Amino acid sequence: MHPVPCRVHSVVRELEDTFTLELDPPGDGWEFAPGQFTMLYAFGIGEVPISISGDPSDSSRIVQTIRAVGPVTDALTAVSPGDFVGVRGPYGTSWPTGSAEGRDLLIITGGIGLAPLRPAILEVLDHRDRYDNITLLYGARSPGELLFAEELQEWRGRFDLEVLITVDRGDQVWRGPVGVVTSLIGRASFDPESAVAFVCGPEIMMRFTIQELLSRGFTDDRLHISMERNMKCGIGLCGHCQLGPFFVCKDGPIFRCSEMGDTCWTREV
Amino acid sequence: MSEAFDLLVDQPFFKGMTEDQIRVVAETATPVSYREGEFIFFEGGKADSCFLILDGGVALGLEKPGHGPTAILTLHAGDLLGWSWLYPPYRWSYNAHIHVDTKAIRFDGPRLKEAADADPVLGYELMKRFTDMLVKRMQSIRIQLLDVYSTPR
Numbered sequence: 050m051h052p053v054p055c056r057v058h059s060v061v062r063e064l065e066d067t068f069t070l071e072l073d074p075p076g077d078g079w080e081f082a083p084g085q086f087t088m089l090y091a092f093g094i095g096e097v098p099i100s101i102s103g104d105p106s107d108s109s110r111i112v113q114t115i116r117a118v119g120p121v122t123d124a125l126t127a128v129s130p131g132d133f134v135g136v137r138g139p140y141g142t143s144w145p146t147g148s149a150e151g152r153d154l155l156i157i158t159g160g161i162g163l164a165p166l167r168p169a170i171l172e173v174l175d176h177r178d179r180y181d182n183i184t185l186l187y188g189a190r191s192p193g194e195l196l197f198a199e200e201l202q203e204w205r206g207r208f209d210l211e212v213l214i215t216v217d218r219g220d221q222v223w224r225g226p227v228g229v230v231t232s233l234i235g236r237a238s239f240d241p242e243s244a245v246a247f248v249c250g251p252e253i254m255m256r257f258t259i260q261e262l263l264s265r266g267f268t269d270d271r272l273h274i275s276m277e278r279n280m281k282c283g284i285g286l287c288g289h290c291q292l293g294p295f296f297v298c299k300d301g302p303i304f305r306c307s308e309m310g311d312t313c314w315t316r317e318v
Numbered sequence: 058m059s060e061a062f063d064l065l066v067d068q069p070f071f072k073g074m075t076e077d078q079i080r081v082v083a084e085t086a087t088p089v090s091y092r093e094g095e096f097i098f099f100e101g102g103k104a105d106s107c108f109l110i111l112d113g114g115v116a117l118g119l120e121k122p123g124h125g126p127t128a129i130l131t132l133h134a135g136d137l138l139g140w141s142w143l144y145p146p147y148r149w150s151y152n153a154h155i156h157v158d159t160k161a162i163r164f165d166g167p168r169l170k171e172a173a174d175a176d177p178v179l180g181y182e183l184m185k186r187f188t189d190m191l192v193k194r195m196q197s198i199r200i201q202l203l204d205v206y207s208t209p210r
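Residue numbers (the numbering used here), protein chains in the order written: chain V, 50 to 318; chain H, 58 to 210.
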């Protein structure tokens, strides 16, 4: 339960309010699974859950992408190399990459939702031969707010990965799609009878994405989403992150839609 | 069979319609193609047709004074472009700008309406498809308006 002090190795500004921290892990053998998170502690200010956005095959750094949305994340994004932050974890469930082996994999994300999916993308690309078509559909607010823009460009250049990007608002130079991320689903190559989908983004976006995938023949046992609630302990004790019958920190954050039942659609849960 | 019929019969938009119905629709249809940079129509112009996009991309947008053209939505293969021909004052509400070379089917609006008036069953089938598209387009715009990716301060 105690945060372990970890030294900040580097800070990369991704967007105006979004930063990636690379931390020195507390010891040898630090491992995580794609989709897991840590509780990051800004000393003297507070602790927040942050998704791990690094490469799961690289244990030399803890990589976390943080958007500044409040006092704790403001403090975490203001750190400099050499500073220390507290780390607990990794915690939570992970993207079931194994369940997609031998099938098409559809990865649908929006905004900062790309960060918790990045480790899964890197993992499946590391073992590319195990999967059929892999498609990444990404929606952002504007062309200037594409997370990991350089890496997206790299991925778009690959012949074994289909990447489609849309923005809610275009600008004078944007030549790509404008519209919501669900509008890209019809352009992706996948077999709805067997494909697996990983979805991460704002809940409204995820609900519309689930509806669209179900209407195209997906079944909810092959749909996996990442949920977010206000976490405190990170290990299923305090109940802060309760979502219906689940604790998001322990039973999630990655859920199979069929396990969630109507929880996704229930008001004020 | 006409070239238009052959193109239409496999389009998801017409799934569930009979071949006879598609044949009637095909009589109002012409294959068209546009090059990147061209405009299919401009805001305020007379709206007398709609388009089913077969390949390529079209940006719907408006001119913002001092900002030039701004895309609101892009349409791609399988999408239907244009419903201003259905309702008065029969004027386009947006510019339709070709983003990438595009192939489409152009439907003659007045002739399509005549065919729908003459055969209400066909008219109902068409209207179901148009309203489905309208509802989906409206839902998308609502999500865009919600600005779901903005920073929650």
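Where is the CB? At the ideal position from N, CA and C, for every residue including glycine. Quick caveat: nothing in here was measured; it's all calculated off a predicted structure.
For Cys282(V), no beta strand (DSSP E) segment is defined, and its DSSP state is neither H nor E. A residue is called buried when at least 16 other Cβ atoms come within 10 angstroms of its Cβ; Thr188(H) does not meet this threshold and is exposed. Ranked by how close their Cα comes to the Cα of Lys160(H), the residues Met190(H), Leu137(H) and Ala104(H) have Leu137(H) in first place.
For Gln113(V), the enclosing beta strand (DSSP E) has its first and last residue at Ile111 to Arg116.
For Arg305(V), same chain residues with a beta-carbon under 6 angstroms away, outside a window of 5 residues either side, are His273 in chain order. For Gln68(H), there are no neighbours in chain V by C-beta distance under 9 angstroms, as the nearest C-beta there is about 12 angstroms away. For the region 103-122 of chain V, the set of positions with a beta-carbon nearer than 9 angstroms to some beta-carbon of chain H reads Arg116, Ala117, Val118 and Gly119 in chain order. Under the three-state reduction of DSSP output, Gly113(H) falls in the strand class. For Phe257(V), the residues of chain H that pass the 8 angstroms Cβ criterion are Gln196 and Ile200, in the order they occur in the chain. Residue pairing of Val81(H) in beta bridges, as defined by DSSP: absent, with no partner found.
Contact residues of the region 94-125 of chain H toward chain V are Gly114, Ala116, Leu117, Gly118, His124 and Gly125 (C-beta to C-beta distance below 9 angstroms). Within the region 122-152 of chain H, those residues whose Cβ lies closer than 9 angstroms to any Cβ of chain V are, in chain order, His124, Gly125, Pro126, Thr127, Ala128, Ile129, Leu130, Thr131, Leu132, His133, Ala134, Gly135 and Asp136. When beta bridges are read from the DSSP output, Ser59(V) appears opposite Glu71(V). Taking 8 angstroms as the cut-off between beta carbons, the residues of the region 221-234 of chain V near chain H are Gln221, Trp223, Arg224, Gly225, Pro226, Val227, Gly228, Val229, Thr231 and Ser232, in sequence order. Taking the beta carbon of Asp204(H) as reference, the chain V residues within 8 angstroms of it are Arg190 and Asp217, listed in sequence order. Excluding the 5 residues flanking it on each side, Glu120(H) has same chain C-beta neighbours closer than 6 angstroms at Pro126, in chain order. Contact between Trp149(H) and Gly102(H) holds, with the beta-carbon distance rounding to 5 angstroms and staying under 8 angstroms. As for any alpha helix (DSSP H) of minimum length 4 sitting wholly inside the region 249-305 of chain V, the runs are 252-264 and 297-300, ordered along the chain. For secondary structure counted as the alpha helix (DSSP H) over 4 or more consecutive residues, the region 161-235 of chain V holds these complete runs in sequence order: 163-175 and 198-205. Distances from the alpha-carbon of Arg199(H) to those of Arg177(V), Val230(V) and Ile161(V) put Val230(V) closest. Contact with chain H is absent for Glu71(V), since none of that chain's Cβ atoms lies less than 9 angstroms from the residue's Cβ.
Collapsing the DSSP output to three states places Ala91(V) in a strand.
Rounded to whole angstroms, the separation of the alpha carbons of Gln221(V) and Thr122(V) is 32 angstroms. Three or more beta-carbon pairs separated by less than 8 angstroms link the region 133-145 of chain V to the region 292-305 of chain V, which places the two stretches in contact. Residue Glu150(V) holds the alpha-carbon nearest to the alpha-carbon of His176(V) among Gly131(V), Gly228(V), Leu201(V) and Glu150(V). For Ser106(H), the number of other beta carbons within 10 angstroms of its own is at least 16, and it is reported as buried. In its chain, beyond the 5 residues on either side, Pro83, Pro105 and Thr146 have a beta carbon closer than 6 angstroms to the beta carbon of Glu172(V).
Taking a Cβ-Cβ threshold of 9 angstroms, the residues of chain V close to His156(H) are Arg224, Gly225 and Pro226, in chain order. Contacts with chain H (Cβ-Cβ distance below 8 angstroms) from the region 233-255 of chain V involve Gly235, Arg236, Gly250, Pro251, Ile253 and Met254, listed in chain order. The DSSP-derived three-state label of Ser108(V) is coil.
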